[in-house]
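Participant: Position one of the sequence shown corresponds to residue 94 (my numbering), numbered consecutively onward.
Okay, handing you the structure first.
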Amino acid sequence: MADIDFGSSNHEDKPKEEDNSIVLSSSDVSSSIQDERSGLSIEEIKDPNKIRVEVVDKETPVIVLFGPPSCGKTMTLVRLTRYLQGKNYTVQPITSFRPSYDSHYSQMCNDFNSMINSDNAAESKSKINFMIFKVLKGGKPICQILEGPGEEYIDPKDPTRLFPKFVYSIINSENRKIWAIMVVPDDRNMRMDNDFRMNYVTKIHDLKKRLKPTDKVVFIFNKIDKTELVLSPGVINYRYALKEVSDLYRNVFVPFKNNNPITKLWKENNFDFVGFQTGDFPKAADGTVTFEQGPDEYPYKLWEIFLKCIRG
Ligand SMILES: Nc1nc2c(ncn2[C@@H]2O[C@H](COP(=O)(O)OP(=O)(O)OP(=O)(O)O)[C@@H](O)[C@H]2O)c(=O)[nH]1
Ligand SMILES: [Mg+2]
94 MADIDFGSSN HEDKPKEEDN SIVLSSSDVS SSIQDERSGL SIEEIKDPNK IRVEVVDKET
154 PVIVLFGPPS CGKTMTLVRL TRYLQGKNYT VQPITSFRPS YDSHYSQMCN DFNSMINSDN
214 AAESKSKINF MIFKVLKGGK PICQILEGPG EEYIDPKDPT RLFPKFVYSI INSENRKIWA
274 IMVVPDDRNM RMDNDFRMNY VTKIHDLKKR LKPTDKVVFI FNKIDKTELV LSPGVINYRY
334 ALKEVSDLYR NVFVPFKNNN PITKLWKENN FDFVGFQTGD FPKAADGTVT FEQGPDEYPY
394 KLWEIFLKCI RG
């Protein structure tokens, strides 16, 4: 069992994209018992040491969706889940993840299917937070997927802060991990400037130092639709996509270079790389941000890569 320490993270100032931002204000905190948007109870926000999580299945590999706020972790989970459900997989929230966190977490678990199928982007975003899911086929567990709040991986208010305790506890857990590290194109709405990106690179390098040899890394270049790199649905110019990421996130790939004198001949880097689009987010007449899922080619390719990593 892992205690989670959220350190000095200020959940009240979470920056979001301009259009569909969900910002937690101090009046929200004092007026509600549990904050649905952060996936944390008010008690947990005030005293993060009260939070406890547990990954009870220590054998099934865990895919960790790792990335800053608003990079698209929740929507990636939504998109992948829709795809997998269409392929006869079962994706189910694991209720034991938050042993001390009863009604709110249970409610998130109960609401999971309606949230996955919602066309309202904000609904999915706000109700799927800090959860772990199991993916099964014919009853057989294939993997677990952890989706957490971005500011616990890198907090825009305090980007050099160490990881909170729960990240270390997941890093050190017995399960084999697949680290799905999210990167996005330059986007003024995300308030992600070069300094922030450099701090994120430092976080990724810190993570890399701690990984076990059996862990795998997949870089997901999400929001690829915002770039000129898409040739046709699911087909992107990979050479330039890699270049764009290494230009934006300078040196990010350096510690992932394959130094094995033999395997480096055909595998330059120790990671997989995939361009991804969760969908489009048009605004309805009433201002609601809707979600129209993107082409199947993207989750198809992402799942192929995950399956390869799961096999080891
Ligand atoms: N253009 C485009 N926008 C996207 C895509 N995926 C996500 N977005 C936008 O990014 C916003 C944030 O996505 P989320 O999935 O909530 O981001 P998150 O990483 O879960 O954020 P936190 O929960 O705050 O850590 C969405 O509301 C969309 O506006 C995509 O594939 N393309
Ligand atoms: Mg999220």
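Even for Gly, the Cβ is constructed at its ideal location relative to N, Cα and C.
Taking the straight line between their C-alpha atoms, what separation do you get for LEU170 and PRO252?
Facilitator: For the purposes of this step, residue 170 is taken as the residue at position 77 of the sequence shown. For the purposes of this step, residue 252 is taken as the residue at position 159 of the sequence shown. Those two C-alpha atoms are separated by around 24 Å.
Participant: State the start and end residues of the unbroken alpha helix (DSSP H) segment that holds PRO392.
Facilitator: For this step, residue 392 is matched to residue 299 along the sequence shown. Residues 390-404.
Participant: Around ligand 2, what residues have a beta-carbon under 7 Å from a heavy atom of it, in chain order?
Facilitator: LYS166, THR167, LYS218, ILE221, ASN222, GLU240, PRO242 and GLY243
Participant: Could you tell me the distance, in whole angstroms, from the CA atom of LYS250 to the CA atom of PHE289?
Facilitator: As a working note, residue 250 is residue 157 in the sequence shown. As a working note, residue 289 is residue 196 in the sequence shown. Rounded to the nearest whole angstrom, the C-alpha separation of LYS250 and PHE289 is 10 Å.
Participant: Grouping DSSP H, G and I as helix and E and B as strand, with all else coil, what is CYS164?
Facilitator: By one-based count along the sequence shown, residue 164 stands at place 71. CYS164 falls in the coil class under three-state DSSP.
Participant: Is it buried or exposed, GLN185, if we count other Cβ atoms within 10 angstroms and call 16 or more buried?
Facilitator: Here residue 185 refers to the residue found at position 92 of the sequence shown. Its Cβ having fewer than 16 others within 10 Å, GLN185 is exposed.
Participant: Using a 10 Å radius around the Cβ and a threshold of 16 neighbouring Cβ atoms, would you call THR356 buried or exposed?
Facilitator: Locating residue 356 in the sequence shown gives position 263, counting from the first residue. By the 10 Å Cβ count, THR356 comes out exposed.
Participant: From GLN178 to CYS202, what distance separates their C-alpha atoms?
Facilitator: The sequence position of residue 178 within the sequence shown is 85, counting from 1. The sequence position of residue 202 within the sequence shown is 109, counting from 1. Straight-line Cα distance between these residues: approximately 16 Å.
Participant: The alpha helix (DSSP H) with LEU335 in it runs from where to where?
Facilitator: If you number the sequence shown from 1, residue 335 lands on position 242. 331-341 is the span of the alpha helix (DSSP H), which, as asked, contains LEU335.
Participant: Assign PHE349 to one of three DSSP states: helix, strand, or coil.
Facilitator: Taking the first residue of the sequence shown as position 1, residue 349 is located at position 256. The answer is helix: DSSP assigns PHE349 an H, G or I state.
Participant: List the residues that DSSP assigns as beta-bridge partners of PHE159.
Facilitator: Locating residue 159 in the sequence shown gives position 66, where the first residue counts as 1. Answer is ILE274, bridged to PHE159.
Participant: In the DSSP assignment, what are the bridge partners of VAL310?
Facilitator: Position 217 of the sequence shown, counted from the start, is the residue given in the question as residue 310. In the DSSP assignment, VAL310 forms a beta bridge with TRP272.
Participant: Return the chain-ordered list of same chain residues with a C-beta closer than 7 Å to the C-beta of ILE76, the five sequence neighbours on each side being excluded.
Facilitator: Outside the displayed span of the chain (94 to 405) sits residue 76, for which this structure offers no information.
Participant: By a C-beta neighbour count over all protein chains shown, 10 Å radius and 16 as the cutoff for buried, is GLN237 buried or exposed?
Facilitator: In the sequence shown, the residue the question calls residue 237 occupies position 144. Result: buried.
Participant: Can you check which of these residues, SER339, ARG254, ASP248 and LYS309, is closest to SER163 by C-alpha distance?
Facilitator: Counting from one through the sequence shown, the residue named residue 163 turns up at place 70. Cα-wise, what sits closest to SER163 is ASP248.
Participant: With distance defined between alpha-carbon atoms, name the residue in GLY380, MET224, THR188 and LEU335 nearest to PHE259.
Facilitator: If you number the sequence shown from 1, residue 259 lands on position 166. Nearest of GLY380, MET224, THR188 and LEU335 to PHE259, Cα basis: MET224.
Participant: In chain order, what are the residue ranges of uninterrupted beta strand (DSSP E) at least 3 long that sit wholly in the stretch 161-241?
Facilitator: 182-186, 224-230 and 233-240
Participant: At what residues does the alpha helix (DSSP H) containing VAL367 begin and finish?
Facilitator: Within the sequence shown, numbered from 1, the residue matching residue 367 stands at position 274. Element bounds for VAL367: not the alpha helix (DSSP H) but the beta strand (DSSP E), 365-368.
Participant: Tell me, please, which residues DSSP counts as bridged to THR383.
Facilitator: For this step, residue 383 is matched to residue 290 along the sequence shown. ASN213, per the DSSP bridge assignment.
Participant: Would you grab the beta carbon distance between ILE398 and VAL367 for me? Rounded to a whole angstrom, and I think it's under 8 Å.
Facilitator: As a working note, residue 398 is residue 305 in the sequence shown. As a working note, residue 367 is residue 274 in the sequence shown. Indeed they touch by this definition, with Cβ atoms about 6 Å apart.
Participant: Thinking just about the alpha-carbon of each residue, which of SER217, PHE159, GLU136 and GLU152 is nearest to the one in PHE314?
Facilitator: Locating residue 314 in the sequence shown gives position 221, counting from the first residue. PHE314 has its Cα closest to that of PHE159, out of SER217, PHE159, GLU136 and GLU152.
Participant: Please report the Cβ distance between ALA334 and LEU322, rounded to the nearest whole angstrom; I am assuming they are in contact, meaning their Cβ atoms lie under 8 Å.
Facilitator: Taking the sequence shown and counting its residues from 1, one reaches residue 334 at position 241. Taking the sequence shown and counting its residues from 1, one reaches residue 322 at position 229. That belief holds up - the Cβ atoms of ALA334 and LEU322 are roughly 5 Å apart, short of 8 Å.
Participant: Does at least one heavy atom of ligand 1 sit under 7 Å from the Cβ of ALA214?
Facilitator: Here residue 214 refers to the residue found at position 121 of the sequence shown. Indeed, a heavy atom of ligand 1 lies less than 7 Å from the Cβ.
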